[in-house]
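Take a look at the structure set out below.
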Amino acid sequence: MDRKRAVLGAAFIILSFVFWVLPSVSFPFLDRTGSEYFKESLKTLTITYGVVRALNAGVSVVKDSEIDIAPGGVGATIAAGEILDPVDDLIERFSSILLFSLISLGIQKTVMFMGVKLFFKILGSGLLAVGLYFLTGKNLLLNVGLKIVLFGFIFRFLLPVTAVFSDFTYNSFFKEGVLQSKKNISYVVELLKTEEVSENQEEGIVEKLKGIQKSFQIEKKIKIIKDYSSKLIDSIITLATAFVFQSVLIPVFVLWVFIKSLYWIFRL
4 MDRKRAVLGA AFIILSFVFW VLPSVSFPFL DRTGSEYFKE SLKTLTITYG VVRALNAGVS
64 VVKDSEIDIA PGGVGATIAA GEILDPVDDL IERFSSILLF SLISLGIQKT VMFMGVKLFF
124 KILGSGLLAV GLYFLTGKNL LLNVGLKIVL FGFIFRFLLP VTAVFSDFTY NSFFKEGVLQ
184 SKKNISYVVE LLKTEEVSEN QEEGIVEKLK GIQKSFQIEK KIKIIKDYSS KLIDSIITLA
244 TAFVFQSVLI PVFVLWVFIK SLYWIFRL
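Note that the numbering used here has the sequence shown beginning at 4, numbered continuously upward.
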């Protein structure tokens, strides 16, 4: 072994240990933007999920109560089903999309955090392999070391760059529609809260009067949902499009890029 290779090998090994003990370092623009993006996105999704579940609860109460008091148990029930079932079904499906979106963004945030914390250690492992290559002359070690280094850079920067892109896309194309859609749904939820349905089913004149009042309350709620059904559906579709794009399409694309990158690295 010549002296130059020995010096290079020792230098890379020492450098690898330096990287192993170095604390994680943040890149101001990428990491700050990525962190803020995931924080705000999770906050927006959580608030939206709460609003949508409140709407779902309001619609469900109207459906259940209407069935309980429907004359003869037939006519009014069918009319309510025609109005409420499509909206209720859409809300249920959208709630599932929101829950999936929350989980997806939570995983992305965790992976980005792991990339920040493990970046130097991954680089250190790759440099250690390169150093051993200079000491032993085995080409396999050089190949493995360079692949580990490339993997480290992809693992470290892919999600922050994706978060910057997602943040730009959301602010440019979806933010205004999402905010307006949330306002529309919140408004309907508040309207539904203005008429509380009594659950008292006791017999007697007072109770019958309460039953009549309850019928009027439910009719008002059904009319509210009917009048705002078009706006509710449009709002839900707008929100679903934005969140699916954020938490499904972009992550799938990122995963595809990541897999392709690994495939390319390990074919080198």
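Glycine included, every Cβ here is placed at the ideal spot set by N, Cα and C.
- In the structure shown, ASP5 falls within a coil segment according to DSSP collapsed to helix, strand and coil.
- Taking the Cα positions, VAL21 is about 16 Å away from LEU135.
- Secondary structure of GLY155 (DSSP, three-state): helix.
- DSSP, read as helix, strand or coil, puts VAL28 in coil.
- Cβ contact annotation for LEU45 (same chain, cutoff 8 Å, sequence separation greater than five): LEU105, LEU108, GLY109 and LYS112, in chain order.
- Excluding residues up to 5 positions away in sequence, ASN59, VAL62, SER63 and LYS66 lie with their Cβ nearer than 8 Å to the Cβ of ASP91 in the same chain.
- Classified as exposed, PRO89 has fewer than 16 neighbouring CB atoms from the shown chains inside 10 Å of its CB.
- Contact between the stretch 147-167 and the stretch 259-268 is present: three or more C-beta pairs spanning the two stretches fall below 8 Å.
- The beta carbon of PHE123 is closer than 6 Å to those of PHE22 and LEU25 in its chain, skipping five residues each way along the sequence.
- A straight line joining the alpha-carbon of LEU182 with that of ASP230 spans about 21 Å.
- By the 16-neighbour rule on beta-carbons within 10 angstroms, LEU235 is buried.
- The Cβ atoms of GLY129 and GLY148 sit closer than 7 Å to each other.
- Taking LEU18 as the centre and dropping the five residues before and after it, the same chain places the C-beta of LEU130 closer than 6 Å to its C-beta, in chain order.
- In this structure, ILE188 and SER250 do not form a Cβ contact; the two beta carbons are roughly 19 Å apart against a cut-off of 8 Å.
- A direct Cα-Cα distance of roughly 45 Å separates SER232 from ARG159.
- With 16 or more other Cβ atoms from the protein chains shown falling within 10 Å of its own Cβ, ASP34 counts as buried.
- According to the DSSP assignment, PHE256 belongs to the alpha helix (DSSP H) that extends over 253-270.
- Between the beta-carbon of TYR52 and that of LEU101 there is about 5 Å, and that keeps the pair under the 8 Å contact cut.
- For SER184, the enclosing alpha helix (DSSP H) begins and ends at 178-196.
- At a cut-off of 3 residues, not a single continuous stretch assigned as beta strand (DSSP E) sits fully inside the stretch 117-145.
- A Cβ-Cβ distance of about 16 Å is found for the pair ALA9 and LEU145, leaving them out of contact under the 8 Å criterion.
- The Cβ atoms of ALA166 and GLY12 do not sit closer than 7 Å to each other.
- Cβ-Cβ distances below 7 Å link PRO254 to SER107 and GLN111 in the same chain, with the five nearest sequence neighbours on each side left out; the list follows chain order.
- VAL55 places its beta carbon 7 Å or farther from that of SER27.
- Sequence-distant Cβ neighbours of THR241 in its own chain, meaning closer than 6 Å and more than five residues away, are GLY180 and SER184.
- If the five residues before and after VAL260 are omitted, its C-beta is found closer than 8 Å to the C-beta atoms of LEU161, all from its own chain and listed in chain order.
- The shortest C-alpha to C-alpha distance from LEU194 to any of ILE221, GLU43 and PHE248 is the one to ILE221.
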